[in-house]
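Position one of the sequence shown corresponds to residue 1 (the UniProt record's numbering), numbered consecutively onward.
Backbone N, C-alpha and C fix where the C-beta goes; we use that ideal spot for every residue, glycine too.
A quick note: this is a predicted structure, and the numbers were derived from the prediction, not measured.
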Amino acid sequence: MDPRDYWTAIRKSWIVVVVLGLVGLAAGYGYGHGKPDVYQSTSKVFVSVAEGSTIDQLAQGSTYTHALVSSYAELATTARVLDPVIDELGLSTTPTKLARSISSTSPTNTVFVEITVSDSTARGSASIANAVAHSLSVVAPKLSPSTKAGTEPVALSVVQPAQTPAGPRSPNRHLIDITALIIGLAVGVIVAIIRALVDTRIRSRHDLDRVLEAPVVGTIRRAPSEAAGLSLVKSPASARAEDFRLVGATLQYTGVAGSLESVLVASPLGGHDAADLALNLALATAERGKAVLVIDADLRSPQVGAATGVTSPRGLSDVIGGAKLEDAIQEWTGGVDVLVAGQAQSNPAFILGSSGLGKALDAAKNGYDLVVVVSPAILSAADSVTLVHQTEGALIAASARRTRRAQLVRAIETIHAVQASVLGVVLVDVKAPSREEHAATAHPATAPSTSAAPATGPVPVTGTDAK
């Protein structure tokens, strides 16, 4: 995936990203407000020698206090120091439990002892810190050996009493909320990317470009439910109708349709995409004064008759069997004639493989400028392989909702395997056309550039992305 693919994945799944971000924020809010407030307060004790009149005595005293200060830091969390604190403040706890809320340290190369107390109340943290500092200053000198004069050799002084904190030290609820929101959004982005990786459907022209080296013939936007199907009949002035006209103009002005007498329209899998594209393309071609015949060669699941409302006692299967072509062809609308599938057959592949099909198509080409043959799904039946050799190439309708990359690649490879040509691919049922397609449909009469021409020979497949 390139950066554009990542952005597209996030944009398509933005609701998932937002929802997971809000879920993360809600979880962080609940976690942060579920934790009790913890207040911290620190008192600082200075350790010094009690006496010394000469430089040597003072130096020895300094060395002595440096050696003891780390021990005094440890002493601050012992029962010898904490029992008086519990008694003084009337705390309902034990020295062991109280010690867990006390952090006593001595900064390197100093003779200070810093006593930090964590408590559920601001006043309690300050009171306990000051009480511990006072108790330490009383207990510690008594543990040191007395001088010859019977005095205590060290003195501990509280130089910085603990102050009542203005607010809790933890939890940092703002930080928790922001962190949880970021985590939720990150999870949402990951989910969006995974969804994009798992979803191998062809959603846009960009996805097609990753599968095909040759550009597609065009894209057909998704129709509103009331205008689905034959857009050139139901809503000829709609943007979707212009999409079909643009596909027809692309085929004409790039020099393909100028000599094209017959084309097979098929889709990788079943559905109405092939018939829909074939009929609308026929109508768009007929608007330019061309005589067009649409033949329903899907003898397994015919759709042209139902889509056009044309009924006839004879159809393609009857013509192949010997009926006259002109008796089976029915006028439809917009200058387009229709040859329906005809009577259901038990072995469509055998019938389509007979010489009668070639004779029928040759006769049709003599009477029409363009013959559009609707084929069964390429991957569902072998009929399309037989039919494509009776035309000048296949125009494949790939659905943005249903067709997956691997299916399109297999369909193209199936056509190539019988040495037939893929004239191009039309992406149908597209949710939103790109800016380029908007510009193109705004000027349907303008000839497309030759760079957008469909390949007249086999369409190369990029195997690395065909998954």
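- By the CB criterion at 7 Å, Val69 and Val111 fall inside the cutoff.
- When the beta-carbon positions are compared, Gly335 and Ala286 come within less than 7 Å of each other.
- Contact between the stretch 233-247 and the stretch 310-317 is absent: fewer than 3 CB-CB pairs across the two stretches fall below 8 Å.
- With fewer than 16 other Cβ atoms from the protein chains shown falling within 10 Å of its own Cβ, Leu197 counts as exposed.
- Membership of Tyr39 in the beta strand (DSSP E) is indicated by the continuous run Tyr39 to Val49.
- Buried is the label assigned to Ile176, since at least 16 other Cβ atoms lie within 10 Å of its Cβ.
- Taken in chain order, the unbroken stretches of alpha helix (DSSP H) that lie wholly in the stretch 365-410 and span 4 residues or more are 383-388.
- Beyond the five residues adjoining it in sequence on each side, Gly271 comes within less than 8 Å, by CB distance, of Ala377, Ser399 and Arg402 in the same chain, given in chain order.
- Nearest to Ala363 by alpha-carbon distance, out of Ile190, Glu261, Ala155 and Arg221, is Glu261.
- In the DSSP annotation of this structure, Arg288 is not part of any alpha helix (DSSP H), being labelled neither H nor E.
- For Ser346, no beta strand (DSSP E) segment is defined, and its DSSP state is neither H nor E.
- Around the C-beta of Asn130, 16 or more other C-beta atoms lie within 10 Å, and the residue is accordingly described as buried.
- Close CB contacts of Ile128 within its chain, under the 7 Å cut and outside five residues either way in sequence, are with Val85, Leu89, Val117 and Asp119 (chain order).
- Gly305 counts as buried, since at least 16 other C-beta atoms from the protein chains shown sit within 10 angstroms of its C-beta.
- Judged by pairs of C-beta atoms under 8 Å, the stretch 157-165 does not touch the stretch 92-103, as fewer than three such pairs exist.
- Contact check for Ser125 against Ser41 passes: the beta carbons are separated by less than 7 Å.
- For Leu299, the secondary structure class from DSSP, reduced to helix, strand or coil, is coil.
- With a cutoff of 7 Å on beta-carbon distance, Ala278 and Ala394 are scored as not near each other.
- Across the structure, Arg245 and Leu264 are spaced so that their CA atoms are roughly 18 Å apart.
- The alpha-carbon separation between Ile115 and Tyr39 amounts to approximately 14 Å.
- Per DSSP, the unbroken alpha helix (DSSP H) holding Ala196 starts and ends at Arg173 to Val198.
- Taking a contact as a CB-CB distance under 8 Å, the pair Leu357 and Asp296 does not count as one, their CB atoms being some 13 Å apart.
- Apart from the 5 residues on each side of it in sequence, Val139 sits with its Cβ closer than 6 Å to the Cβ of Arg80 and Val81 in its chain, given in chain order.
- The residue from Ser346, Val371 and Thr391 with its alpha-carbon nearest to that of Ile329 is Val371.
- Burial check for Ile178: the Cβ neighbour count within 10 Å stays below 16, so the residue is exposed.
- The C-beta distance from Val247 to Leu281 rounds to 6 Å, short enough to meet the 8 Å contact threshold.
- Taken atom to atom, the span from the alpha-carbon of Arg405 to that of Ala411 is near 10 Å.
- Secondary structure note for Arg11: its alpha helix (DSSP H) is the uninterrupted segment Pro3 to Lys12.
- Taken through DSSP and simplified to helix, strand or coil, Ile202 comes out as coil.
- Between the stretch 23-36 and the stretch 183-195, the count of Cβ pairs shorter than 8 Å is three or higher; the stretches touch.
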